[in-house]
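Notes follow the structure.
There are 2 protein chains.
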Amino acid sequence: MLIDCGEATQISLRKNKIKFQKINQIFISHLHGDHYLGLPGLVSTFNLFGRTKPLDIFGPSELKAIIELHFQVSGSVLNYKINFHPIETDSKKLIFENKILSVYSIPLKHRIKTFGFVFEEKQKPRHIKSEMIKFYSIPHYEIKSIRNGKDYVDEEGNIILNKKLTNPADPSYKFAYCSDTAYFPEILEWIKDADLLFHEATFMDKHTELAQKTLHSTTMQAADIAKQSNAKQLIIGHFSSRYIVSQELVDECKTIFNNTIEAYDGLRVIVNG
Amino acid sequence: MLIDCGEATQISLRKNKIKFQKINQIFISHLHGDHYLGLPGLVSTFNLFGRTKPLDIFGPSELKAIIELHFQVSGSVLNYKINFHPIETDSKKLIFENKILSVYSIPLKHRIKTFGFVFEEKQKPRHIKSEMIKFYSIPHYEIKSIRNGKDYVDEEGNIILNKKLTNPADPSYKFAYCSDTAYFPEILEWIKDADLLFHEATFMDKHTELAQKTLHSTTMQAADIAKQSNAKQLIIGHFSSRYIVSQELVDECKTIFNNTIEAYDGLRVIVNG
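Chain order of the listed sequences is A and B.
All residue numbers for the first sequence refer to my numbering, where the first residue is 1 and numbers rise by one.
All residue numbers for the second sequence refer to my numbering, where the first residue is 1001 and numbers rise by one.
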């Protein structure tokens, strides 16, 4: 899954050895150039590389016209299908799910229509205690429902509680992406308890007025959102180019929310609570 | 002047320390992504950097709609004016000139409407022999016309020939850019005697059929155009990614046209005949 696609995203993907064909869903937050201008080229490159499987694109409704205009003027025909899903919501809304993940869009507060995205892992199966399965001679076809938490009832009607047969499932993690946005506490409920929160922090605290004017956030506002929403870790990014030392923005966040790191090109984060 | 603007052109400009504000004319050959997808971002960056002077953009007429759609969806207003000049021509046509240069568009032969560009330096002023100006006591206000080749007539009506008063002007150079295009000998007359010719060479000779099918050129075809048009130097580029060693394409050209070099990111060429 790819979230936003600024110009030269293709170069970043190559540099970070991410296989193009592994991307099946693309989520575009809003139609400022630094968030979408790499998309027409990327979908063209998919085609050039022989893609045949469909691609799901989620974003503001006008994005469809942009992509269609690109293909119209280039006289190209795609060998795969783009399923375009326009986002329209003023609350948290399920826009995609597969076996392991649900993806929600949420409204943000910016100069144009902008959406955040919340990625929530579904409940995972519990871990079978194989020695207990053996002990109770539980048939194979029962395992799936036991993994999902069901108790076992044997032929004589005895109930064997699930917690006797299984160990707890691994936790399900949650990632929330909020960019670009002004300070917008309405999102707290939608992103609460995220294991990882990306929140933009375009400005330092001393430029709060500028943040208000441009509908961006400051470090302190991003950290406040992380703290109030009970996030476990905060990644900040989208820094104004006026700041030379990005560590200063991180340090400012840490005065409110200690577990803050900086987004940089190629950063990999393992979400483990 | 910038010719074509693929994705990530901004990154190349920065890497090569080319000042954004020095670019005042942009020429777009055609609307395949690798030739224009960097343009919306570049014109936005100009704005972000505080540009106020107008920008001239020359290209296929649909380009205007693409740029306008970008600004429409982003809700941005430019602080400078874009003068868009749609190109429509089936022959060589003057599209821009300033004091030192005339720029012409020419039609190429590709899958969609595509234009080449010819940059011709105007006649330069001749070099004044200052000792002769002194000798004939020629007044200052006559110098400009003498530089431009006029003879001098003194107060008594004597004609002093220009070649007595000046040395020849520096030569005027000519650069032709032809990409993307199939082999298209119609251009020979329009680009003739170029000091520098960029001609695409997407394929090697063994893939001539593929070149015909995709309306691209082979090395041999590019070299043939260079030779027949009496170019002084040929730059080839736009190589298919199937070729690992680009020197092989250059070597193939050299069998027909020896003064061939390869286009690579950051190449600087001094045109001096």
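All C-beta atoms, glycine included, are put in the ideal place defined by N, C-alpha and C.
{"query": "Contacts that residue 32 of chain A makes with chain B (C-beta to C-beta distance below 7 Å)", "result": "1074"}
{"query": "Test: residue 70 of chain A CB closer than 8 Å to a CB of chain B", "result": "yes"}
{"query": "Under the three-state DSSP convention, the category residue 35 of chain A falls into", "result": "helix"}
{"query": "Cut-off 7 Å between Cβ atoms - residues of its own chain near residue 167 of chain A, not counting five sequence neighbours on either side", "result": "126, 127, 129"}
{"query": "Touching by the beta-carbon criterion (3+ pairs, under 8 Å), the stretch 85 to 97 of chain A and the stretch 158 to 167 of chain A", "result": "no"}
{"query": "Of the residues A:31, A:27, A:236, A:20, the one placed nearest residue 104 of chain A, counting alpha carbons only", "result": "A:27"}
{"query": "Three-state secondary structure (DSSP) of residue 153 of chain A", "result": "strand"}
{"query": "DSSP bridge partner residues for residue 1282 of chain B (one or two, in chain order)", "result": "One cannot answer for residue 1282 of chain B here, as it falls past the ends of chain B, which runs 1001 to 1273."}
{"query": "Beta-carbon proximity of residue 233 of chain A to residue 195 of chain A, cut-off 8 Å", "result": "yes"}
{"query": "From B:1258, B:1259, B:1257, B:1237, residue whose alpha carbon lies closest to that of residue 1266 of chain B", "result": "B:1237"}
{"query": "Contacting residues, own chain, Cβ-Cβ under 7 Å from residue 240 of chain A (five flanking each side not counted)", "result": "202, 203"}
{"query": "For residue 1063 of chain B, three-class secondary structure by DSSP", "result": "helix"}
{"query": "CB contact flag (residue 1060 of chain B, residue 1030 of chain B, <8 Å)", "result": "yes"}
{"query": "Within chain B, the residues that residue 111 of chain A reaches when beta carbons sit closer than 8 Å", "result": "1075"}
{"query": "Straight-line Cα distance separating residue 46 of chain A from residue 34 of chain A", "result": "20 Å"}
{"query": "Pairwise C-alpha distance: residue 175 of chain A and residue 303 of chain A", "result": "Within the shown structure, residues of chain A are numbered from 1 to 273, placing residue 303 of chain A beyond reach of any answer."}
{"query": "Where residue 188 of chain A sits in the DSSP three-state scheme", "result": "helix"}
{"query": "Proximity of residue 118 of chain A and residue 190 of chain A at Cβ, strictly below 8 Å", "result": "yes"}
{"query": "Residue from B:1109, B:1165, B:1073, B:1007 whose Cα sits closest to the Cα of residue 1148 of chain B", "result": "B:1165"}
{"query": "Chain-ordered chain A contacts of residue 1044 of chain B [CB-CB under 8 Å]", "result": "33"}
{"query": "Option nearest residue 123 of chain A by Cα separation, candidates A:96, A:170, A:210", "result": "A:170"}
{"query": "Partner residues on chain B for residue 38 of chain A, Cβ-Cβ distance less than 7 Å", "result": "1007"}
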